[in-house]
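For the sequence shown, my numbering assigns the number 877 to the initial residue and increments by one for each residue that follows.
Note that beta-carbon positions come from the ideal geometry of N, C-alpha and C, so glycine has one too.
These notes concern the structure reproduced below.
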Amino acid sequence: MNQTGYLPDKIALKDIDRCWKTSDKAPDEGFAANTFFIKPYYMKELRINALAFLSKDYEEKHTPKASLIILQINGTLEYEESMKINKKIAQNVFELDRQNDFVRIEVTGEGVISYQINDMTSKANQIIGPMIFIIIMLILLITFRKISYVLLPLLSLTVSIIWLFGTMVLLGIPFNTMAVALVPLLMGLGVDYSVHLFHNYKVETEKGKTAAHAIKKSVKEIGTAMFLAMITTVIAFMSFLTATVPPVRNFGILVGIGIIYTFITAITLQASIRYILDRKKKFRKKIRKKRLSLRKIMYRTANAVMTHQKTIILVGTAVSIIMLMGASNLETGFDLEEFLPQNNPAINLFNKISDEFPYASEQQEYILIEGEVATVETLRGISETHKNMEDDTLIARKPDGTTKTISIMTIIKDAVKNNNSLITVFNIDQTTGIPKTDYDVKRLYDYLYEDKMYSISTKNVLHRENNRYTATVMRIYVDMSIQKRDSADINKMRETLKQELNTDISDYGNAVACATGPNIITLTITASLTESQITSTAISIIFAGIALIIAYRRPTLGLITMIPVSISIIWILGTIYFIGYSLNIMTIMVTSLTIGIGIDYAIHTTERFRLTADRTGDPYKAVSETISHTGSALLIAAITTTAGFIILIFSPMPPQVQFGVITAITLTYSFLTSVLILPLALVRWGKWRKKHRGYIISPKRHKKI
């Protein structure tokens, strides 16, 4: 015993059990004259609570291999302040572990995991960002073979990104996980403008044209396609405004603004500097050597496309059917583990705790009851809700098998068990455990709210304002095993949880109740994302189609230009299913992303076809030149952009990896459909126009090449 006090230095449940004196045993031959109070109630509660902090092997071997300490951090702290506290806790625990060899001390939790993820992401971005720049620089250098053709696009992109992040600050939009994708996305889309502009410029200078003539013609010919591509891409991303989730809305706004900035800097800054650098140069007409060039490869591709039209259509149809079947089976869900890096110590420990400490669940859902809650009817309703929860499948259990829930009713029961005199003082019905009048309920609430023993726990579930009790909450602990399923299963479990809690809700008199909590909110957000994405996709397609119809002044041509986008959407959704991804907060944007990226390629293809068909009057020549000329630029743009996104596979964050993989595949599909499938529709449209109208684009006399 402590020499200066009445309490021992250490206390163990086994010691209490061993030292406890047994006064009587039953059955026996005699009859006791008195009723002996063998063990007070708190001993049972103490045992139940203690088991939650001991690893599950204690019940089998009585020698637990691990124990748990739970720290609760003020939930009202600002994010940055919370991260600092979690970082300090983690560092202190690591230092304690380093100093002690006889015991291993580890730390985890949502805050620690968030801090470690932020740290990992920050370090990874310091490598990934420069890698994207380097890859794009190498591809541009290999393509154009001049350093100025590399530095100018990067200068333009840097200016655009600076403008964008400045705008982001001015608009008060916070930086989050989704905002990380802005840089590779803008670099990928922005470099396309540079590739198309400079590719056309080089073609003109190789014909012996002056820098002024080449720039003017490039801006005139390519500028129209670039402007249409910019408008339709902005429309696609601005459709995110229909989303109910603020980060998704903000992402759409920022990408839309960023696309406008990259277009402006490409058409003005790059074009101007290009002219300044080359204005005194005299370009000579180059005689093409008989070597395999990119344009020759694309010319042969054009011949192959025209030769194997039926095969391409059949293969495209078959692939579309298969992908459509996959897309129809695609699940919408959100699994936190899909967003967390693999083999992270804190995450692994988090999973270990959920397995080793089955009674220590700290994940809560809530039933919020608002109104006049200091009534007998409210307490009866809460008591009935507790009974309804007994057969719920996803509520965590205590070691004695009872549900792990906290409410004002459970606090009242504990208070009465610890002090029976409360029954008389507050006129409590011993059958129901509820005071008999509303007046007594109010007095009991006041007592619990002010009493030192129960004040903290009462204030956690009961809200008082102007001496009136206007709300109470039931805290329901959820079984941690909910986190061990795949995202589709978790979504179904969340639906079950929501349904069970809504069924548990009873009649609370004049008060109203609703079930809420992290899992229910996640389920609602996921459903909202799916609904808003369908809406935004429809809006994107409709408005992009309208913009093209207005620009081309021909409804059929505008709709034909949308064919690659429509096919790519089906293909990418099917691919998401077949590679095992689900539609989450990142991948669910893929349809609008496909429209935003894919329509650029389709517009450049259609615009080149229009120019050539109008000049030659021959749909076959128009398709051949479109694939060989614009197809070359599209291939360079696709390779450059895809390489920029594929770098994201080196990110430690699964959302960034998924975003990079899906965007890279989307770009590939957009290129293939624009070069292989769209020309087949254009040549048929051109033949029909010439047959029925006598011309393809305009009724002027076609010039011979």
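Can you tell me where the beta strand (DSSP E) holding residue i begins and where it ends?
i: MET1465; result: MET1465 -> no beta strand (DSSP E), and no H or E assigned at all.
i: ILE1243; result: 1240-1246
i: ARG1125; result: Premise fails: ARG1125 lies in the alpha helix (DSSP H), 1122-1140, not in any beta strand (DSSP E).
i: ALA1391; result: 1388-1392
Tell me whether residue i sits in a helix, a strand or coil according to DSSP, three-state version.
i: PRO1006; result: helix
i: THR952; result: coil
i: ARG1273; result: strand
i: MET996; result: helix
i: GLU1341; result: strand
i: MET1063; result: helix
i: VAL983; result: coil
i: VAL1249; result: coil
i: ALA1347; result: strand
i: LEU1558; result: helix
i: LEU944; result: coil
i: LEU930; result: strand
i: TYR1453; result: helix
i: ILE1573; result: coil
i: ILE1304; result: strand
i: LEU822; result: Because residue 822 is not part of the residues shown, which for the chain are 877 to 1581, the question remains open.
i: LEU1424; result: helix
i: TYR1353; result: strand
i: TYR1330; result: coil
i: PRO1050; result: coil
i: LYS1566; result: helix
Between which two residues does the alpha helix (DSSP H) containing residue i stretch?
i: HIS1262; result: 1252-1264
i: SER1024; result: 1024-1046
i: ILE1291; result: Checking the displayed sequence, the identity of residue 1291 turns out to be Ala instead of Ile. Note, ALA1291: alpha helix (DSSP H), 1284-1294.
i: MET1174; result: 1170-1183
i: GLN1532; result: 1530-1548
i: PRO1154; result: Just to set this straight, residue 1154 is Asp in the shown sequence, not Pro. Start and end: 1147-1154.
i: LYS1280; result: No alpha helix (DSSP H) holds LYS1280; DSSP gives it neither H nor E.
i: VAL1110; result: 1087-1114
i: LEU1206; result: Per DSSP, LEU1206 belongs to no alpha helix (DSSP H) and is neither H nor E.
If we call anything under 8 Å between Cβ atoms a contact, is residue i one with residue j?
i: ALA1387; j: ASN1378; result: no
i: THR1141; j: VAL1035; result: yes
i: ILE1415; j: VAL1441; result: no
i: SER1550; j: TYR1477; result: yes
i: VAL1249; j: ASP1314; result: no
i: SER931; j: GLU1232; result: yes
Considering only the alpha carbon of each residue, which of the options lies closest to residue i?
i: LYS1096; options: GLY1005, ARG1484, MET1529 and ILE1522; result: ARG1484
i: LEU1062; options: ILE993, ALA1513, ARG1491 and LYS1186; result: ALA1513
i: LEU1552; options: SER1574, GLN967, LEU1511 and TYR1137; result: LEU1511
i: LYS1497; options: TYR1175, ALA1389 and THR1516; result: TYR1175
i: MET1265; options: GLU1248, GLY1192, GLU1253 and GLU1241; result: GLU1241
i: ILE1111; options: GLY1421, ASP1231 and GLN1534; result: GLY1421
i: ALA1178; options: GLY1536, ILE1525 and PRO1495; result: PRO1495
i: SER1115; options: VAL1466, VAL979 and ILE1503; result: VAL1466
i: THR1470; options: PRO1531, THR1108, GLY1042 and ASN976; result: THR1108
i: LEU1027; options: PHE1454, ASN994, VAL1071 and ASP995; result: VAL1071
i: SER1259; options: ASP1383, ALA1087 and THR1334; result: ASP1383
i: GLU1246; options: GLU1207, HIS1339, GLU957 and ALA1180; result: HIS1339
i: THR1279; options: ASP1490, ASN1076, ILE1332 and ASP1355; result: ASP1355
i: TYR991; options: ALA966, SER1333, ASP933 and ALA1000; result: ALA966
Here's a check: name, in chain order, each residue in its chain whose Cβ is nearer than 7 Å to the Cβ of residue i, leaving out the five neighbours to either side.
i: TYR1330; result: ILE1287, ALA1291 and LEU1324
i: SER1408; result: THR1118, ALA1119 and THR1120
i: ALA1540; result: THR1518, PHE1521 and ILE1522
i: GLN1185; result: LEU1556
i: PRO1575; result: none
i: GLY1202; result: GLY1450, TYR1453 and PHE1454
i: ILE1149; result: LEU1028
i: MET1350; result: TYR1242, ILE1243, ILE1258, THR1261, THR1281 and SER1283
Give me, in chain order, the residues of the same chain whose beta-carbon lies closer than 6 Å to that of residue i; leave out the 5 immediate sequence neighbours on both sides.
i: PHE1113; result: GLY1128, VAL1131, GLY1132 and GLY1472
i: VAL1301; result: none
i: PRO1431; result: ILE1425
i: THR1437; result: LEU1424, ALA1478 and THR1482
i: LEU1200; result: ILE1446
i: ALA1105; result: ASP1476 and ILE1479
i: VAL979; result: none
i: ARG1583; result: Shown here, the chain extends from 877 to 1581; a query on residue 1583 therefore has no answer.
Determine, for residue i, whether the minimum Cβ-Cβ distance to residues of chain C falls below 8 Å.
i: PHE978; result: The structure shown contains no chain C, having only a single protein chain.
Given residue i, which residues of its chain have a CB within under 8 Å of its CB, disregarding the five upstream and five downstream residues?
i: GLU982; result: VAL969, ASP973, PRO1221 and LEU1225
i: ILE1396; result: GLU1241, ARG1370, LEU1373, LYS1374 and LEU1377
Should residue i be listed as close to the ligand GTP, given that the test is whether its C-beta is under 7 Å from any heavy atom?
i: LYS1335; result: Among the components of this structure there are no ligands whatsoever, and the ligand GTP is therefore not found.
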